[in-house]
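Scroll down for the structure; my scribbles are underneath it.
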Amino acid sequence: MNPDAADDKTRKLDARDIDGEPFDQIMSALDSLPEDGTLVLINSFEPEPLYSVLERRGYTYMTSQAADDEWRVTITTA
């Protein structure tokens, strides 16, 4: 899947644009995903603390580093 592709079930959230702690906005974006939806999270660092939260909530994810200061986490509902 191309993370830049947009469709009805794919959402993108660039955490670099969020002032302060982005956790609540990430959780809101996940809660609003449609069934079988995907969230592409863009961040300036690898959000390792988020992984355990995703796993506990039943999400799967795949992380890639697009640039030195750009990480993409593709999160899908299980």
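Residue numbers (the UniProt record's numbering): 1 to 78.
Idealized CB from N, CA, C, for every residue including glycine.
- Beyond the five residues adjoining it in sequence on each side, A78 comes within less than 7 Å, by CB distance, of G58, Y59, T60 in the same chain, given in chain order.
- L41 has its alpha-carbon roughly 8 Å from the corresponding atom of I75.
- Counting only the Cα atoms, M27 lies some 13 Å from S52.
- In the same chain as A29, and ignoring 5 residues on each side of it, the C-beta atoms closer than 7 Å to its own belong to R11, L13, L39, in chain order.
- A Cβ-Cβ distance of about 6 Å is found for the pair K9 and D36, placing them in contact under the 8 Å criterion.
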